[in-house]
Each structure stands twice: as structure tokens, then as C-alpha cells.
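Numbering (the numbering used here), first residue to last: 1303 to 1608. Virtual Cβ for every residue (Gly too), placed ideally from N, Cα, C. If you're wondering where the values come from, they're calculated on a predicted model, not measured in any experiment.
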């Protein structure tokens, strides 16, 4: 198992960064109030209100923000404000050895997937796939979404079954392995780079937003051609929201696509997990062991902090 960061305590200081696109300031302000309700203090990165086209500042500036939070011993966790685009552009500018020597909580999702993969690979550290602060500041946020932050204060196993959302078994079976993955587009973007996702023996999480069926098909096919499904232990399918069928009239459903790729495989594959771009976004640790039981539609994940 990878290194688990220390749990948070009330009164701890956390760092707030924008490694991708600029955050919605109004939503971020509400999210900062939520962090205060959790008993946390916070330090804002320098690029929170900067803009470089569709990025929150230049690559150098955004990387410097993350690096400063890693170097500061008073910062106990790093929360990302938003996704969008740009995290991959700073992945090769981070001192991962320093983060491994000074492990701390790192939290975000969507475009942040690229940094999750990089940190897991080069810092050997558990990270957290959870809602960005901008999404926490939306008007409609499920209570369970906010409750998932509690796992940062007290080690707790996460148990997900159909009491949370309807689940569909694509392929039966049961497997145990390290949980990895995140946004499907960013996982494909990692291919042929030094941050290429390793799926061997892993439970792979995939989710995305705003893709047509043909686009999802293309991304899954690229992972397949890259042989990322050959040794995977199991697959957890999170939210694929805002999926439309504008380009082709006779497009397959998401279930039909998943069945064509995974239905014949002798590994557990379950879809319907509210992990991703939806009002309910269940935050989970990456880099810890998980058990996926497709026959009983259950996912159990070990704690992400110590």
C-alpha cells in the first residue's frame, strides 16, 4: 500500500490551489466557509484569482503554488479549487520526492486526475478523488458529498452499495486491488508519457462529463489498444453525466458500450457509482486497497489517512 498521509485535526491549516483553470470565486468563497465549518484554517495560493487564457496563471506560477504548499510544513492538506484544463502541464515541474518525504493530503478530481496519477507514481502517496472546492460551493450539493470530507479527520473504511445509488453489474466476480484512475479523458492523456497510468492488478475507476457515446467509445478503445485492460483486476464505473447522442442517431447507450468492452471479461465490472461530475460526488482515496464484489454490487475501500 502507498503512504497514507496523517489525518487532519481541527485547527489545522490547509492550502488552496488552482492547478488547472480559474475557479468560480463566488462558489469558492462558499466552499471556504465550509472548510471553516470543518474547523480548518486555510492559505490561498497566489494564482487563485489569476488568469492566463483558460489557465489560472502561467505554468510556472501554478506549479510554484503547488510546490510552496508541499514545502510548507504548516500546510497539512492541499485542496484544488477547480478542474477544467492545465494540471498535466505542471506535472513535470513538481518535486515528488519532497512530497513523499513530507506526505500530506491532496484532494481534487476531474482534470486533477493527471496529478493523482503522477503523485501516486512518483511520490508513492495516497491521494483523494473528491469534489473540487468550486463544486462544493454550488447551490445544490448533496449532504453526503460534504460528509465525505470527514474521512480526512478519522480513518474510516468506505462501503458503497445500492443504498447509495443504483448499481449495474457489467461483469460478475470479486477482486481485490489498489484503487486507481479517475477521469477517463485524463487517463488516456497520460498514455505515452512518463505519467502513464499503470492498471496491472488494480481496481480502475473511470468517469467523465459531456462526452458523446462515440467519444467514450474512442477513449475506451485507446485504453484497450494500450493494453490497459489486459491485467486490470476490476473496473469501477463512476458518473458519465451530460452524455448526449447528437453526432450519431443510432448511438449505443453507455451500458451497451460498457458491455461491449467488459461484458466478456473475467473480472468484476460495476457501473452506477456516484463518483464524478454530479450533485452527489462520493470522495474516495486512491492508492489504497479496495474490494469490488460485482455479484453483490459492493465496493469496500480501506481508509486513506492514518
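Could you have a look at residue i and say whether DSSP puts it in helix, strand or coil?
| i | result |
| --- | --- |
| residue 1476 | strand |
| residue 1402 | helix |
| residue 1335 | helix |
| residue 1327 | helix |
| residue 1601 | strand |
| residue 1594 | strand |
| residue 1541 | strand |
| residue 1499 | coil |
| residue 1350 | coil |
| residue 1504 | strand |
| residue 1466 | coil |
| residue 1481 | strand |
| residue 1518 | helix |
Would you please state the rounded distance, in angstroms, between the beta carbons of residue i and residue j? I believe it to be under 8 angstroms.
| i | j | result |
| --- | --- | --- |
| residue 1595 | residue 1570 | 7 angstroms |
| residue 1506 | residue 1543 | Not confirmed; about 19 angstroms, so no contact. |
| residue 1291 | residue 1365 | Nothing in the structure corresponds to residue 1291, since the chain is present only between 1303 and 1608. |
| residue 1398 | residue 1414 | So it is not a contact: roughly 15 angstroms between Cβ atoms. |
If you drop the 5 nearest sequence neighbours on each side, which residues of the same chain put their C-beta closer than 7 angstroms to that of residue i?
| i | result |
| --- | --- |
| residue 1341 | 1312, 1313 |
| residue 1455 | 1309, 1310 |
| residue 1526 | 1563 |
| residue 1606 | 1306, 1428, 1430, 1453, 1587, 1590 |
| residue 1391 | 1361 |
| residue 1376 | 1315 |
| residue 1491 | 1390, 1416 |
| residue 1565 | 1472, 1473 |
Looking at chain D, is there any beta carbon in it that lies within less than 8 angstroms of the beta carbon of residue i?
| i | result |
| --- | --- |
| residue 1496 | In the displayed structure, chain D is absent; only one protein chain is listed. |
Looking only at its own chain, which residues have a Cβ that is under 8 angstroms from the Cβ of residue i, when we skip the five neighbours before and after it?
| i | result |
| --- | --- |
| residue 1545 | 1512, 1513, 1514, 1515, 1518, 1556 |
| residue 1326 | 1384, 1436, 1439 |
| residue 1409 | 1379, 1380, 1381, 1382, 1429, 1430, 1432, 1454, 1585 |
Who are the Cβ neighbours of residue i in its own chain at under 6 angstroms, not counting the five residues just before and after it?
| i | result |
| --- | --- |
| residue 1470 | 1573, 1574 |
| residue 1412 | 1385, 1485 |
| residue 1533 | 1502 |
| residue 1461 | 1602 |
So is the beta-carbon of residue i under 7 angstroms away from any non-hydrogen atom of the ligand SAH?
| i | result |
| --- | --- |
| residue 1558 | Absence of the ligand SAH is noted for the structure shown, with no ligands found whatsoever. |
### Query
Which residue spans inside the segment 1407-1463 form an unbroken beta strand (DSSP E) run of at least 3?
Note on the segment 1407-1463: whole beta strand (DSSP E) runs with a minimum of 3 residues are 1407-1410, 1429-1431, 1460-1462, in chain order.
### Task
Determine, using beta-carbon pairs with one atom in the segment 1538-1556 and one in the segment 1375-1385, whether at least three such pairs fall under 8 angstroms.
Flag = no, the segment 1538-1556 and the segment 1375-1385 do not touch.
### Query
With a cut-off of 8 angstroms, do at least 3 Cβ pairs link the segment 1487-1500 to the segment 1598-1607?
For the pair of segments examined, the segment 1487-1500 was found not to touch the segment 1598-1607: the number of CB pairs separated by less than 8 angstroms stays below three.
### Task
Enumerate, from N- to C-terminal direction, the unbroken beta strand (DSSP E) stretches of 3 or more residues contained entirely within the segment 1357-1394.
Here the runs fully enclosed are 1377-1382.
### Query
Taking three-plus beta-carbon pairs below 8 angstroms as touching, is the segment 1313-1324 in contact with the segment 1364-1373?
Verdict: yes, contact present.
### 4 or more residues per run - each alpha helix (DSSP H) lying fully within the segment 1546-1589
If we require 4 residues or more, the alpha helix (DSSP H) runs fully inside the segment 1546-1589 come out as 1556-1564.
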